[in-house]
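A.B. asks: Have a look at this one.
2 protein chains.
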Amino acid sequence: MIEAPYLLFLGDAPDPLAAKVAQGIRDWRPDAAVGQYRMEGCRADLGLPDMTIAEAVAAGAKTMVIGVANRGGVISPSWLSVLEEALGAGLDLASGLHTLLRDEPVLVAAARAHGRRLLDVRVPDRRYPIANGRKRRGMRLLAMGTDCSCGKMYTALAMEREMRARGMKATFRATGQTGILITGSGVPLDAVVADFMAGAVEWLTPDNDPDHWDLIEGQGSLFHPSYSGVTLALLHGGQPDAIVLCHEPTRAHMRGLPDYPLPSLEELRSLSETLGRRVNPAVRTVGVSVNTAGLDADAARRYLAETERRMGLPAVDPFRDGAGRLVDALACG
Amino acid sequence: MIEAPYLLFLGDAPDPLAAKVAQGIRDWRPDAAVGQYRMEGCRADLGLPDMTIAEAVAAGAKTMVIGVANRGGVISPSWLSVLEEALGAGLDLASGLHTLLRDEPVLVAAARAHGRRLLDVRVPDRRYPIANGRKRRGMRLLAMGTDCSCGKMYTALAMEREMRARGMKATFRATGQTGILITGSGVPLDAVVADFMAGAVEWLTPDNDPDHWDLIEGQGSLFHPSYSGVTLALLHGGQPDAIVLCHEPTRAHMRGLPDYPLPSLEELRSLSETLGRRVNPAVRTVGVSVNTAGLDADAARRYLAETERRMGLPAVDPFRDGAGRLVDALACG
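Which chain is which? The protein sequence lines are A and B, in order. Residue numbering for the first sequence follows the numbering used here, beginning at 6 and increasing consecutively. Residue numbering for the second sequence follows the numbering used here, beginning at 6 and increasing consecutively.
Listed below in structure tokens is the structure:
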């Protein structure tokens, strides 16, 4: 559990995209960030107050979150003195980078000296149980993708926001590093040991009120040969009542695999329901979430209308249209 | 890679079943074992020469393999002096137990002092790549089960033996601890980090001669919610050309999950082929391997005949009948 509120560290981000983790926190948990910390040459700006570490501490910050990723996901040597200063001022550090805070001796020493925590969300912070397959109380929704990186996290977060705005009980459940940094907790599923994947998802989505929805962040794709096992563990551990299909319509092939075409939404629906029924016979697909960033407004509208007709399901781009119709669909059926 | 030949350590095995890892090596790699080492009170006997450590070294042994598992999979304190003596005499130690050789300070010290290796096959000994999904040369067969522990390893080993006897090129590929100890190498798939599961299987079954068969040990079941993700990674990483369905007909429910009935062989075939085609459009199911240990000879014969008729595939118990008809089936189609 990462303690909020945060000071968002943007470092020397060469462009806004490099700070997309910080942007995600800013977009989805605006109350969690008191300010941003930018170094010389930083080309990202979240529109938050620029703060020194002392100012952030005075404003109540508890954790400095590394909100920037550079090439290779390493901790840049030029950041170290700032990170050390943050620990000295009483902040925890949280990072989702590939290279770990705990592997930097200077940070380990500073954290120990000041009694602060180094939170590497890239790797699990506990042992998970083996899944037991037992049905849990409460409702669960899982975002399933035709591919990796096609809008699953965004869809689940947009649904959580809409449901909370309507006064519904809803919790986004993070299964990846960015999601964990945004919400402060979760399971870094791709780093869990094989035997415990499904058990980790059961642990993440425990018994809850009968009218509470867990909105589970999807990972990978059943059709992506590199990661399909992770996706199936998520489906079998998550026991979803509802599935939202996620798709990016301009992609020419599966991410990183030029020889693999994308499956159709029909194939994704059929396979997800077939496999999902094993753990929840009542599972149903409630809608389609399309990332239309690669289409102009007209083409996006046409694509959504055509998809909606073809699939017989609401089809929306939650970024353009909001997630209202996906949430409406949960109430039906 | 575990260096052969072995001295098989049976310790104080309370019964023959406790020594089933050693029995597996004795059955499948008889040339790999020069003898057995039994302690006071041992109730297992492989019919191999009983040897002192000095005699085993004189007979050419390179590794002492822990061939016994006690409750909890721990290293019994009473074994330590023997294991230490083995290291002192120049043997490596290999173990598939849950508690690791490397976590026993006395063994670590002895291994260092004598320049020997502690081989814990329970955990991976390397980092694996992310799967790339590229088609590899050579042929692959994967054993898929209706459940865990229903004869997948036995089936693949029996087919390897039969194929080698016929002069075919065949290699059993171990994906579990017992299989690794039997053959001396492999991937402990259940202990691999999620993102690298399929890549580990690709690594295990690399490009080969066009007429060479990898016989890949199956793990878990697509229908077992605790382990299904591991099984799908095996299917997508293994890219099998041929699938053998494995089944234990007397089981009342999935192993460890009283609420989950076993799938039918038809369901297993359909789902395995659907998912397998994603990485190998030519995949086909060639036969059924039934573990009939729980049936008498007549009931076994009837069950196999009925299954064969129903599935339209050869159905055999390789333990009773050998794997010849499964190997025959590889040549057809």
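Cβ atoms here follow ideal geometry from the backbone N, Cα and C, with glycine treated the same way.
Cβ closer than 8 Å: which chain B residues qualify as neighbours of A:VAL284?
C.D. replies: Around A:VAL284, the beta-carbon contacts reaching into chain B at under 8 Å are PRO230.
A.B. asks: Which ranges would you report for the alpha helix (DSSP H) in the segment 218–268 of chain A if only whole runs of at least 4 residues count?
C.D. replies: 233–243
A.B. asks: Per DSSP, what kind of secondary structure is A:GLY93 in: helix, strand or coil?
C.D. replies: helix
A.B. asks: Starting from A:PHE201, follow its DSSP beta bridges and name the residues at the other end.
C.D. replies: Answer by DSSP bridge pairing: none, since A:PHE201 is not bridged.
A.B. asks: Quick check on the DSSP output: what are the complete alpha helix (DSSP H) runs of length 4 or more inside the segment 135–172 of chain B, in order along the chain?
C.D. replies: As far as the segment 135–172 of chain B is concerned, its whole alpha helix (DSSP H) runs of at least 4 residues are 157–170.
A.B. asks: Closer than 8 Å between beta carbons: that is the criterion. Which residues of the segment 188–220 of chain A meet it against chain B?
C.D. replies: LEU194, ASP195, ALA196, VAL197, VAL198, ALA199, ASP200, MET202, ALA203 and GLY204
A.B. asks: Which whole-angstrom value describes the C-beta separation of A:LEU194 and A:LEU239, a residue pair presumed to lie in contact below a C-beta threshold of 8 Å?
C.D. replies: 7 Å
A.B. asks: When the cut-off is 7 Å and only beta carbons count, does A:SER233 lie next to chain B?
C.D. replies: yes
A.B. asks: Is A:GLY317 close to chain B? Criterion is C-beta to C-beta, closer than 7 Å.
C.D. replies: Residue contact with chain B for A:GLY317: absent (no Cβ-Cβ distance below 7 Å to any residue of chain B).
A.B. asks: Quick check on this structure: which residue in B:GLY138, B:PRO215, B:PRO21 and B:PRO129 has the alpha carbon closest to the alpha carbon of B:ALA179?
C.D. replies: B:PRO129
A.B. asks: Are B:ALA320 and B:LEU335 touching if we call contact CB-CB under 7 Å?
C.D. replies: no
A.B. asks: How big is the Cα-Cα spacing for A:THR188 and A:THR279?
C.D. replies: 31 Å
A.B. asks: Distance cutoff 7 Å, beta carbons only. Does A:GLY184 sit that close to anything in chain B?
C.D. replies: No - not a single Cβ of chain B is within 7 Å of the one on A:GLY184.
A.B. asks: Does the distance from the CB of A:GLY243 to the CB of A:ARG314 come in under 7 Å?
C.D. replies: no
A.B. asks: Compare the beta carbon distance of B:GLU222 and B:MET158 with 7 Å and say whether it is the shorter of the two.
C.D. replies: Yes; because the gap between Cβ atoms is below 7 Å, this pair is in contact.
A.B. asks: Tell me, please, whether the segment 167–179 of chain A touches the segment 10–18 of chain A by the rule of three or more beta-carbon pairs shorter than 8 Å.
C.D. replies: no
A.B. asks: Quick one: is A:GLY143 near chain B, going by C-beta distance under 7 Å?
C.D. replies: no
A.B. asks: Applying the 10 Å Cβ sphere with the 16-neighbour rule, what's the burial state of A:ASN296?
C.D. replies: buried
A.B. asks: Between B:ALA9 and B:ALA27, which are expected to be in contact by the criterion C-beta below 8 Å, what is the C-beta distance as a whole number of angstroms?
C.D. replies: 14 Å between Cβ atoms; not a contact.
A.B. asks: For the segment 276–294 of chain B and the segment 241–256 of chain B, state whether three or more C-beta atom pairs, one from each stretch, are separated by less than 8 Å.
C.D. replies: Using a Cβ-Cβ distance cut-off of 8 Å, the segment 276–294 of chain B and the segment 241–256 of chain B are in contact, since at least three pairs of beta carbons, one from each stretch, lie closer than that value.
A.B. asks: Across which residues does DSSP place A:ALA99 in a beta bridge pair?
C.D. replies: Per DSSP, A:VAL70 and A:LEU124.
A.B. asks: By the criterion of Cβ-Cβ separation under 7 Å, what are the contact partners of B:TYR265 in chain A?
C.D. replies: GLY138
A.B. asks: Below 8 Å on the Cβ atoms is my contact criterion, and I expect B:PRO323 with B:SER294 to pass it. Report the Cβ-Cβ distance as a whole number of Å.
C.D. replies: 6 Å
A.B. asks: Would A:THR210 and A:SER226 qualify as a contact pair, given that the criterion is a beta-carbon distance under 7 Å?
C.D. replies: Against a cut-off of 7 Å, the Cβ pair of A:SER226 and A:THR210 comes out as no contact.
A.B. asks: Starting from the beta carbon of A:ILE248, find every residue of chain B whose beta carbon is closer than 9 Å, and list them in chain order.
C.D. replies: Per Cβ cutoff of 9 Å: no residues; A:ILE248 is ~16 Å from chain B at best.
A.B. asks: When DSSP labels each residue in this structure, what does B:GLY292 get in the three-state scheme?
C.D. replies: strand
A.B. asks: What are the boundary residues of the beta strand (DSSP E) that A:ARG43 is part of?
C.D. replies: Run containing A:ARG43: 38–43, per the beta strand (DSSP E) assignment.
A.B. asks: Between the C-alpha atoms of A:GLY52 and A:ARG141, what's the straight-line distance to the nearest angstrom?
C.D. replies: Distance from the CA of A:GLY52 to the CA of A:ARG141, rounded to the nearest whole angstrom, comes to 42 Å.
A.B. asks: Looking at the unbroken beta strand (DSSP E) that takes in A:ARG178, where does it start and where does it end?
C.D. replies: 174–178
A.B. asks: As a quick exercise: from B:VAL79, B:ALA116 and B:LEU105, pick the residue whose alpha carbon is nearest that of B:GLU90.
C.D. replies: B:ALA116
A.B. asks: Can you say whether A:THR57 is buried or exposed, counting buried as having 16 or more other CB atoms within 10 angstroms of its CB?
C.D. replies: exposed
A.B. asks: Find the residues of chain A that neighbour B:LEU270, judging by a C-beta separation of less than 9 Å, and give them in chain order.
C.D. replies: Under the 9 Å cutoff, chain A gives no residues; its nearest Cβ is about 16 Å from B:LEU270.
A.B. asks: Among B:ALA287, B:ARG260, B:SER86 and B:GLY143, whose alpha-carbon lies nearest the alpha-carbon of B:SER214?
C.D. replies: The displayed chain sequence assigns Asp, not Ser, to residue 214 of chain B. Residue B:GLY143 is the option with its Cα nearest to B:ASP214.
A.B. asks: Since B:ILE71 and B:LEU102 are thought to touch, with beta carbons under 8 Å apart, how far apart are those beta carbons, to the nearest angstrom?
C.D. replies: 6 Å
A.B. asks: Within 10 Å of its beta-carbon, does A:ALA287 have 16 or more other beta-carbons around it, so buried, or fewer, so exposed?
C.D. replies: exposed
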